[in-house]
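In our numbering, the protein residues as written are 251 to 876.
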């Protein structure tokens, strides 16, 4: 023993539990003094323990020297040197995927110091994607989840920062300390961690508690050996909407600037769908500058949308000028009773208001024309507009963004030369409205003897052999008065304008003449090449009994281009080609993602970009409507 350290006469003392200790007291013998480490600790009540000096010796590590009631009796100091350890968590038996707004909790074997729970010591961090494993389920680097190879994003310096409580990164979180259960761990032994907004969908994350997390005596989070040690668990998020609806802008368009402060409506897409009506429910537009949010009420279904998937709402007060707004949840609920949420960062949409109100009537530049039997209105507009086109009682609603777009509606058959009247109503975002009207002259395509047939599906890039696996699907309008004969119609890989140009030049128009076939109203028929067979390669086969029209050779001129090409179905007439139906090659199908995937049309007698989309099931559906 160092002669400078004092010694004490010791007698047996009653056993006392150490303050804040969980394990056996230490040490039981030896000098009642410790070398001063300069450490500062907390007692079980959370109070800081100071350092006391006895003679020349220092009582370090926050220990208390307690004098016994009997003369010469000195208890050995007892201190809590073991850090808290995790005993359970929400992710121990987690499902394959968790909600995008998970309620994460961690239970420890003793209460934690609230001051040690902060974003510098506790983090939720996304992993990084470094490859694709959708086919092999194997990764050269990282782990496979959701068809992608993931590697942990936390570096060694990030881990050191978490252990020091100085980490800056990850997602924004809220924390709460609660009761650790009925086994005596008490208040403060259960840590709840919740993201402030939904996480990215189908993404791998880590929940990490650094060694900067401490108990109330100041001991660091530890492992089984008692040394300071971080704790982590990984999880994968489910789909967007798994925690509730996340509204996204439809109108005003995402990123739009100069929106009038007297905005008449806000259209918001939501998933999962919400039941309507919800008369008292509101949604919120959050201001980026932290100012008062805008309230949206009177939710109804957006025109042309499936009920509950898009909400048309009305601002309950004028918006502030030159302010950026984003949808941020509200009291509207889905069918499961979950409230609307602020969307995840990568799904966030916003718009920015202009200097003030818009009180001027919209004044777009219009041009009208006919494409077959379709009345087409082209608009040039400096602002987004909501449209309503009426042709003899039929109505089509749509919208265009600046600088403009198209809207079209098919007219009924009539004699060539008769008038085809139309009316167009337009409304801007401030609710200012204007109306326009005109009339066109029916051409040869309005001949009542022409079948009302649409091109409804095109497979130009099949998974099977080319050109044999390609097909074009036709449908007779369900509103047709009766069966129609397709024999004698011609399919050409040309747009309608090119048909007219070739005819005017006296040149032969290339194409394949259809064999005889009668279609009933609403019935589908497939145009295929002479080498076609059901289910070639991995392409689906049509249903049994489907109407098949086999052409003499390949479709069009040597088959369809993988990227797609314009198609026209027409009948030779005394004054030139009479257009029956067309496809304007609106979608590029040349990419590998489109291999085996067709494009499908809405029909209705108009071939316009908004009537076509890639097959929603990622394949083709010959003889079946999607």
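Built from N, CA and C at the ideal position, the CB exists for glycine as well.
Report yes or no: do the stretch 622-629 and the stretch 656-666 share at least 3 C-beta pairs separated by less than 8 Å? yes
If you follow the beta strand (DSSP E) that residue 339 is in, where does it begin and where does it stop? Taking the chain shown and counting its residues from 1, one reaches residue 339 at position 89. Looking at the DSSP string, the run of the beta strand (DSSP E) that includes residue 339 is 336-339.
Bridge partner(s) assigned by DSSP for residue 423: Within the chain shown, numbered from 1, the residue matching residue 423 stands at position 173. For residue 423, which the question treats as bridged, DSSP gives the partners 445.
For residue 740, which residues from the same chain have a beta carbon less than 6 Å from its beta carbon, with the 5 sequence-adjacent residues on both sides left out? Mapped onto the chain shown, residue 740 falls at position 490. 761, 763, 820, listed in sequence order.
Taking 7 Å as the limit between beta carbons, can you name the residues of its chain near residue 479, skipping five residues before and five after? Within the chain shown, residue 479 is the residue found at index 229, counting from 1. The residues are 461, 471, 472, 473.
Contacts around residue 677, its chain only, beta-carbon distance under 6 Å, and the 5 residues preceding and following it disregarded: Numbered from its first residue, the chain shown carries residue 677 at position 427. For residue 677, where only same-chain residues beyond five positions count, the Cβ hits under 6 Å are 636, 683.
Relative to the C-alpha of residue 843, which residue among 858, 813, 824 is closest? Position 593 of the chain shown, counted from the start, is the residue given in the question as residue 843. Here the closest residue by C-alpha is 813.
Quick check on this structure: which residue in 599, 767, 518 has the alpha carbon closest to the alpha carbon of residue 563? Stepping through the chain shown from its first residue, residue 563 is reached at position 313. Answer by Cα proximity: 518.
Can you list, in chain order, the residues of its chain with a C-beta nearer than 6 Å to that of residue 550? Leave out the 5 residues immediately preceding and following it. Here residue 550 refers to the residue found at position 300 when the chain shown is read from its first residue. Closer than 6 Å at the Cβ level, and outside the excluded window around residue 550, lie 562.
Contact between the stretch 590-605 and the stretch 496-507 is defined here as three or more beta-carbon pairs at a separation below 8 Å; is this criterion met? yes
Can you tell me whether residue 623 is helix, strand or coil according to DSSP? Numbered from its first residue, the chain shown carries residue 623 at position 373. Coil.
What do you get for residue 712, buried or exposed, if any count of 16 or more other CB atoms within 10 angstroms of its CB means buried? Taking the first residue of the chain shown as position 1, residue 712 is located at position 462. Residue 712 is buried by the Cβ-count criterion.
Selection from 348, 458, 600, 537 that minimises the alpha carbon distance to residue 489: As a position in the chain shown, residue 489 is number 239, starting the count at 1. The residue with the shortest Cα to Cα distance from residue 489 is 348.
Per DSSP, cross-strand counterpart(s) of residue 400: Against the chain shown, residue 400 aligns to sequence position 150. Paired residue(s): 379, 393.
Span separating the alpha-carbon of residue 439 from that of residue 374: Along the chain shown, one-based indexing puts residue 439 at 189. Along the chain shown, one-based indexing puts residue 374 at 124. Using only the alpha carbons, I get a separation of about 20 Å.
For residue 554, which residues from the same chain have a beta carbon less than 6 Å from its beta carbon, with the 5 sequence-adjacent residues on both sides left out? Numbered from 1 along the chain shown, position 304 holds the residue referred to as residue 554. Contacts found: 647.
Could you tell me if residue 617 is buried or exposed, where buried requires 16 or more neighbouring beta carbons within 10 angstroms of its beta carbon? As a position in the chain shown, residue 617 is number 367, starting the count at 1. Per the 10 Å Cβ criterion, exposed.
Is the Cβ-Cβ distance between residue 831 and residue 745 less than 8 Å? For this step, residue 831 is matched to residue 581 along the chain shown. For this step, residue 745 is matched to residue 495 along the chain shown. No. Outside cutoff.
If contact is defined by three or more beta carbon pairs under 8 Å, each pair taking one atom from either stretch, is the stretch 566-576 in contact with the stretch 505-522? yes
Write down every uninterrupted run of the alpha helix (DSSP H) in the stretch 472-521 whose length is 4 residues or greater and which is fully enclosed by it, in chain order. none
Please say whether residue 810 and residue 720 have beta carbons closer to each other than 8 Å? Mapped onto the chain shown, residue 720 falls at position 470. Mapped onto the chain shown, residue 810 falls at position 560. For residue 720 and residue 810, yes; Cβs fall inside 8 Å.
Spatial neighbours of residue 342 within its chain, please: CB distance less than 8 Å, with the 5 preceding and 5 following residues excluded, ordered by chain position. Locating residue 342 in the chain shown gives position 92, where the first residue counts as 1. Here the set comprises 483.
So residue 213 and residue 799 are in contact, right, with Cβ under 8 Å, and what is the actual spacing, rounded? Any question about residue 213 goes unanswered here, given that the chain covers just 251 to 876.
Contiguous beta strand (DSSP E) assignments of at least 3 residues, all confined to the stretch 822-863: 826-833, 849-851
Could you check where the beta strand (DSSP E) with residue 752 kicks off and where it finishes? Within the chain shown, the letter at position 502 stands for residue 752. Premise fails: residue 752 lies in the alpha helix (DSSP H), 746-754, not in any beta strand (DSSP E).
Residues sharing a beta bridge with residue 565, DSSP: As a position in the chain shown, residue 565 is number 315, starting the count at 1. Beta-bridge pairing links residue 565 to 546.
Taking 7 Å as the limit between beta carbons, can you name the residues of its chain near residue 644, skipping five residues before and five after? As a position in the chain shown, residue 644 is number 394, starting the count at 1. Contacts found: 659.
Exposure of residue 380, with buried meaning 16 or more beta-carbon neighbours within 10 Å: Residue mapping note: residue 380 aligns to position 130 of the chain shown, counting from 1. Residue 380 is exposed by the Cβ-count criterion.
Quick one: what does DSSP say residue 696 is sitting in, helix, strand or coil? Counting from one through the chain shown, the residue named residue 696 turns up at place 446. Three-state result, residue 696: helix.
For residue 412, which three-state DSSP category applies? Residue mapping note: residue 412 aligns to position 162 of the chain shown, counting from 1. Correct three-state label for residue 412: helix.
Three or more C-beta pairs below 8 Å linking the stretch 441-458 and the stretch 594-610: yes
Please list, in chain order, all residues of the same chain as residue 773 whose beta carbon is under 6 Å from its beta carbon, the five residues on each side excluded. Counting from 1 along the chain shown, the entry for residue 773 is found at position 523. Answer for residue 773: 726, listed in chain order.
Distance, Cα to Cα, residue 402 vs residue 469? Your numbering for residue 402 matches position 152 in the chain shown. Your numbering for residue 469 matches position 219 in the chain shown. So the alpha carbons of these two residues sit roughly 28 Å apart.
Measuring only the C-alpha atoms, how far is residue 792 from residue 873? Counted from its first residue, the chain shown places residue 792 at position 542. Counted from its first residue, the chain shown places residue 873 at position 623. Distance between the alpha carbons of residue 792 and residue 873: 5 Å.
Taking the beta carbon of residue 424 as the centre, do at least 16 other beta carbons fall within 10 Å, making it buried, or is it exposed? Mapped onto the chain shown, residue 424 falls at position 174. With fewer than 16 other Cβ atoms within 10 Å, it is exposed.
When the Cα atoms are used, what is the spatial distance from residue 653 to residue 502? The residue you call residue 653 lines up with position 403 of the chain shown. The residue you call residue 502 lines up with position 252 of the chain shown. Between residue 653 and residue 502, the C-alpha separation is close to 14 Å.
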